[in-house]
Amino acid sequence: MLRQTVFTRGLVGRTLAMSTFILSSALVLGAAPADEAAVRATYKQLEQALRTGDGAGWLRLMDAATLSAMPEDAKAMWRSGRFKDPSIRYDAINVRVDGDEAAVVGKITSSQGGAHVQYHALILVREAGAWRLATEEYHDQPIDPAAVYAMLPGPGGSFAAARAPWRAVTPVPVAAKTSTSGAWTVRATRDEDSVYVRCETSKPLPAPGTELRRTGNTIASTGVPSVPPLKLTVAGARGAQEYGVSVGAVIQTRATPDAATHVAHDRYFVQYRLSVDARRSNDVVDLFDNRTGDRFAKLIAVDGSSITVRLPLRALGAAAPTRITIEDANRPGTFLLATVDLFSALIR
Numbered sequence: 016m017l018r019q020t021v022f023t024r025g026l027v028g029r030t031l032a033m034s035t036f037i038l039s040s041a042l043v044l045g046a047a048p049a050d051e052a053a054v055r056a057t058y059k060q061l062e063q064a065l066r067t068g069d070g071a072g073w074l075r076l077m078d079a080a081t082l083s084a085m086p087e088d089a090k091a092m093w094r095s096g097r098f099k100d101p102s103i104r105y106d107a108i109n110v111r112v113d114g115d116e117a118a119v120v121g122k123i124t125s126s127q128g129g130a131h132v133q134y135h136a137l138i139l140v141r142e143a144g145a146w147r148l149a150t151e152e153y154h155d156q157p158i159d160p161a162a163v164y165a166m167l168p169g170p171g172g173s174f175a176a177a178r179a180p181w182r183a184v185t186p187v188p189v190a191a192k193t194s195t196s197g198a199w200t201v202r203a204t205r206d207e208d209s210v211y212v213r214c215e216t217s218k219p220l221p222a223p224g225t226e227l228r229r230t231g232n233t234i235a236s237t238g239v240p241s242v243p244p245l246k247l248t249v250a251g252a253r254g255a256q257e258y259g260v261s262v263g264a265v266i267q268t269r270a271t272p273d274a275a276t277h278v279a280h281d282r283y284f285v286q287y288r289l290s291v292d293a294r295r296s297n298d299v300v301d302l303f304d305n306r307t308g309d310r311f312a313k314l315i316a317v318d319g320s321s322i323t324v325r326l327p328l329r330a331l332g333a334a335a336p337t338r339i340t341i342e343d344a345n346r347p348g349t350f351l352l353a354t355v356d357l358f359s360a361l362i363r
């Protein structure tokens, strides 16, 4: 998924940070219609700021954390009005509000520089009673409207509320003769809200944000063995849908100014990523991803020697499934097909 910032259109930057799950049994209330209307109004204000070249107005619609992190030269570019586009139009495809956070999936059309279409995913936060833009991603391809449930997944279901009793979850059977991924044990369960997958290894994993050493032009490896790609099959009233689930370590690059020379140097850190796609009509469609270290990532956590991910059923478009199975995506003989049991069935 292409990630871009709210600083300037077209630059790679921050997106959808938490390294632990929100585990809560609190009652989840639906968003008030007034909240959704206010979010949509702020979304249109962003459009209007671009249409009129009101860069100062755009900056006023940013949240405090984003403004604090934005370089002064980027703010100056916004104030100059250089991003003015009278033809631009924002259309909200889906909106979700969860407390003081909101997610928007939208479509951008413009005729400036030739007719073109983009799509974007935004997260807004409520500050002092007003909605402010916190993150924005741009994509060339349409975004599944259900992505709002991955951007803001809520507290989870009964398994999350029970504070993840993984010892009660039977590991997925591994075929010893064919396995090339013996470094990992995989456990999976589900509740009324999400599917939960835990990948466990025998050695401690480097914590998210651990800096990697660099020798010359060579960056040290993360030291994390590859997690086998997984295939999740969700069966329901409308048939079965297959999803690819990739979990693993990635290298994050940060440009850091030298305190003495003020020259930026790249530094490298360990992070972990969850990526989910859908296999539809012989095509692969990206659905959502999360990375540790990202501001609003709530679907992946690393603890000791385990990587745990959560797949909200609503983000998969799979409400009330009748059966869910998990297996190795590339080598079905490695991880034998296993049924993902309901958490309620685990309670003794």
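Numbering (my numbering), first residue to last: 16 to 363.
A virtual CB, placed ideally from N, CA and C, is assigned to each residue, including glycine.
As the structure is a computational prediction, the values presented were derived from the model and not from experiment.
- Excluding the 5 residues flanking it on each side, Asp273 has same chain C-beta neighbours closer than 7 Å at His280, in chain order.
- Straight through space, the alpha carbons of Val110 and Ala335 are spaced by roughly 22 Å.
- Within the same chain, Cβ atoms closer than 6 Å to the Cβ of Ser126 are found at Ser102, the five residues on either side in sequence being excluded.
- The residue among Cys214, Ala49, Ser83 and Ala183 with its C-alpha nearest the C-alpha of Ala198 is Cys214.
- Counting other Cβ atoms within 10 Å of its Cβ, Ile341 reaches 16 or more and is therefore classed as buried.
- Distance from the CA of Ala255 to the CA of Asp113, rounded to the nearest whole angstrom, comes to 30 Å.
- Buried is the label assigned to Arg325, since at least 16 other Cβ atoms lie within 10 Å of its Cβ.
- Annotation: the stretch 121–196 contains the following complete segments of the beta strand (DSSP E) (minimum length 3 residues), in chain order: 131–142 and 145–154.
- Judged by beta-carbon spacing, Val300 lies within the 8 Å limit of Asp292, meaning their Cβ atoms are closer than that value.
- Lys246 is bridged by DSSP to Gly259 and Glu342.
- When the beta-carbon positions are compared, Gly259 and Ala162 stay at least 8 Å from each other.
- According to DSSP, Glu116 shares a beta bridge with Asp113 and Val140.
- Boundaries of the beta strand (DSSP E) harbouring Arg295: Ala279 to Arg295, taken from the DSSP string.
- Excluding residues up to 5 positions away in sequence, Ala32, Pro223, Gly224, Gln267 and Gln286 lie with their Cβ nearer than 7 Å to the Cβ of Gly308 in the same chain.
- In the three-state DSSP reduction, Glu215 falls in the strand class (E or B).
- In the DSSP annotation of this structure, the continuous segment of the beta strand (DSSP E) that includes Val201 starts and ends at Trp199 to Arg205.
- The C-beta separation of Val119 from Leu139 comes to about 7 Å, placing the pair in contact by the 8 Å criterion.
- With contacts defined as CB atoms closer than 8 Å, Gly263 and Arg229 fail to qualify as a contacting pair.
- Runs of the alpha helix (DSSP H) lying entirely within the stretch 53–108, each at least 4 residues long, are 70–75, 79–84 and 87–94 in chain order.
- Taking the CA atoms as reference points, Pro188 sits about 6 Å from Leu351.
- Taking a contact to require three or more Cβ pairs closer than 8 Å, the stretch 127–134 and the stretch 71–80 do not qualify as touching.
- Only buried fits Pro243, as 16 or more other CB atoms lie within 10 angstroms of its CB.
- Within its own chain, no residue has a Cβ closer than 8 Å to the Cβ of Ala52 once the five positions on either side in sequence are excluded.
- Between Ala107 and the set Arg97, Thr124, Ala91 and Gly96, the nearest pair of CA atoms involves Thr124.
- Arg75 counts as exposed, since fewer than 16 other C-beta atoms from the protein chains shown sit within 10 angstroms of its C-beta.
- Around the CB of Thr204, 16 or more other CB atoms lie within 10 Å, so the residue is classed as buried.
- Annotation for Thr307: no beta strand (DSSP E) segment contains it, and DSSP assigns it neither H nor E.
- Taking 8 Å as the cut-off, the beta carbon of Glu151 is found no closer than this to the beta carbon of Leu167.
- Annotation for Ala316: the continuous beta strand (DSSP E) segment containing it runs Ile315 to Asp318.
- In chain order, Asp78 and Ala79 place their CB closer than 7 Å to the CB of Glu142, counting only its own chain and leaving out the 5 sequence neighbours on each side.
- In this chain, the beta strand (DSSP E) harbouring Pro327 covers Ser321 to Pro327.
- A direct Cα-to-Cα measurement between Leu220 and Thr67 gives close to 50 Å.
- Residues Trp93, Arg94 and Gly96 of the same chain have their beta carbon placed closer than 6 Å to that of Gly70, with the five preceding and five following residues left out of the count.
- The criterion of a C-beta distance shorter than 8 Å is not satisfied by Ala145 and Val54.
- Put simply, of Glu257, Pro186, Leu328 and Ala316 the residue whose alpha carbon is nearest the alpha carbon of Arg295 is Glu257.
- When the alpha-carbon of Ser290 is set against those of Ala353, Ala177, Lys246 and Glu226, the nearest one is in Lys246.
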